[in-house]
Each structure stands twice: as C-alpha cells, then as structure tokens.
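To start, the structure itself, in structure tokens.
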Amino acid sequence: MKASWMFQNLASRARFALRHPAYTLRSLLNEVLLADERFLAEATGVPVRKLRTFLNEPFRSQGFSTHLAACRAELQGLKIQSAAPFGKKILLQYALIRAVQPDAVVETGVANGVSSAYLLLALQTNGRGRLHSIEVGDAAFLPKGKTVGWVVPDWLRERWQLHIGDSTKVLPALLPRIAPIDVFIHDSLHTYEHMMEEFVCTYPFLRPYGFLLADDALWNESFREFSDQVKARYARILHGVGFLRKENSHTGV
Ligand SMILES: C[S@@+](CC[C@H](N)C(=O)[O-])C[C@H]1O[C@@H](n2cnc3c(N)ncnc32)[C@H](O)[C@@H]1O
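Using this note's numbering, the first residue of the sequence shown is number 26, and each one after it goes up by one.
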C-alpha cells in the first residue's frame, strides 16, 4: 500500500486523541465518510478520488517533505502556531488550490511561511498562478535570526510576492490591481473585527465561484456571520478552517 498523509504525525495524533476522545471519534467518522473531500468535491466540481490524490501529493514530493522535515525542529516551541506539517488543515487548502487551478491567490498572515510553502507547491504543480502574501512582520513569532517566510524554499519563490504591512492597509491597494482573485485565505489577526474587515474588503474582488478561506474560523462568529450575510451555498468549517464559495449571482457586501 502506498504511504498516505493519514499515517503522518502518528505520535502527536495519538497524544491528542487521548486528551480529546469525543473530538477524535467525530474526526474518525468524518474520515471514514470522506466528509471533507465530499464537501470540496461538491463545491469545486472535482471528483472525490482526485481530491484524495491531491491530499497525498506534498507528502509524496520528496524535495518538499525533506525540506519541511528539516525546518520542523526550529518550528517547534515557537510562540505562534504554524500549520502542522502534513496536518489535514493545510492539506485541504493545498487540495483546493490544486482543484481550482487559480491564477491569483491572496493570503494574509505568513509568519514562518508554512502555509505559503504549501500554496506555492500547489501553484507550481498546477503550472500556473501567483501567490500574494501579506504579513505585518512581527519578528516575535520567528526563530532568532530568521525572516518572514523563511520556510518557503528558494525553488518555490518564483510565483510569490510578499507584501510587508498591515493587511487592512495593503489589501485595499493591492486587490484592485490584481483582481479578479480566485482564492483568498485569511490567517492574520483572528479578532472578529479584523476578520470581518478583511472579508468585506476582499469579497467584491473575488471572482464568481471563487473561494474565501478563514483559518481559525471557530475563534469567533465572523466567518459564520459573513457566510450567512452573503448567502453562501457552500460554506463549511473543516479542521478549523472556514471554506466559502462565492455565488455567481451575488452582488457583494
Ligand atoms: C497564525 S500566523 C500565520 C501562520 C501562517 N499562515 C502559517 O500557516 O504558517 C499569523 C500571522 O499574522 C500576522 N499578522 C497579525 N496581524 C496582522 C495584520 N494586521 N496584517 C498582516 N499580518 C498580520 C502575524 O504577524 C503572524 O505572523
């Protein structure tokens, strides 16, 4: 049997399962029913079996997985929680980028650059698209001597533009220049006000059937409220990340 993302991080998963048995049982049931993959398949029109192949790609990319493993030691014990290497939370975002084949992706909140590295790997595998990442540049979250996005390997930087500044200032200047946006991913400051401000600012520049994602969407009500406000047909929180598809008929917020 080919190795799969599901068999990664087994020790930390086992420790988590012992602490949170009910959550773990629900997650296992979701995996058996392929609930996440089924939702993404419906929202993107890409078959479930193809999405499952995408989920395993980063792990099976020798260059990428070796690079992430080498960064792991320095990522542990930091003040900030970066996306867990090979966790389903980031793999679902990777799979979405593979499914949607976007030209323009925007993310807020870079820190060490784990999520940026995954998004760029997806764009490189697609053979198209650019990633604009916005980061205020708080060095307190980085290992000593490292700069924002240090995890992104040189061989993935060609499709990347890093913007240093507050997302509420950078987004209004950047979006009209690069619109339409295919995918927007929030992972900066997780307050209700800041998340809403990013959603409201970005949504009009998102193309019809484009996707708005919000990491740590369970920290407050902003993602759920925004999904209701724009009457999203496809909106769900998967592994803490909100996924919302913009409808064609919607006129904006
Ligand atoms: C959770 S971390 C991002 C983690 C990253 N996406 C990953 O998966 O590795 C949040 C980042 O958002 C940045 N941030 C906080 N407020 C911001 C703002 N107003 N504009 C842009 N970036 C901000 C912080 O400096 C921090 O680096």
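Idealized CB from N, CA, C, for every residue including glycine.
Residue 228 counts as buried, since at least 16 other C-beta atoms from the protein chains shown sit within 10 angstroms of its C-beta. In this structure, residue 178 sits near residue 92, with a CB-CB distance shorter than 8 angstroms.
In the structure shown, residue 87 falls within a helical segment according to DSSP collapsed to helix, strand and coil. Using a cutoff of 7 angstroms, the CB of residue 134 counts as near ligand 1, since one of the ligand's heavy atoms is closer than that. Shown here, residue 124 sits in a helix according to DSSP, grouped into three states. Counting C-beta atoms within 10 angstroms of its own C-beta, residue 180 has fewer than 16 neighbours from the protein chains shown and is therefore classed as exposed. Judged by DSSP secondary structure, residue 239 falls within the beta strand (DSSP E) whose first and last residues are 231-239.
The beta carbons of residue 261 and residue 268 sit closer together than 8 angstroms. Between residue 157 and the set 141, 103, 49 and 67, the nearest pair of CA atoms involves 141. The alpha carbon of residue 234 has as its nearest neighbour, out of 221, 206 and 216, the alpha carbon of 206. Counting C-beta pairs closer than 8 angstroms gives three or more between the stretch 83-98 and the stretch 109-118, which meets the contact rule. Short note on residue 219: C-beta closer than 7 angstroms to some heavy atom of ligand 1.
Apart from sequence neighbours up to five positions away, the residues of its chain that approach residue 96 with a beta-carbon distance below 6 angstroms are 176, ordered along the chain. Within the stretch 141-199, no run of alpha helix (DSSP H) reaches 4 residues while sitting entirely inside it.
Around the beta carbon of residue 217, a 10 Å sphere encloses fewer than 16 other beta carbons of the protein chains shown; the residue is thus reported as exposed. About 11 angstroms separates the CB atoms of residue 231 and residue 238; that is not less than 8 angstroms, and the two are not in contact. Rounded to the nearest whole angstrom, the C-alpha separation of residue 99 and residue 168 is 7 angstroms. Using a cutoff of 7 angstroms, the CB of residue 122 does not count as near ligand 1, since none of the ligand's heavy atoms is closer than that. Judged by DSSP in its simplified three-state form, residue 45 adopts coil rather than helix or strand.
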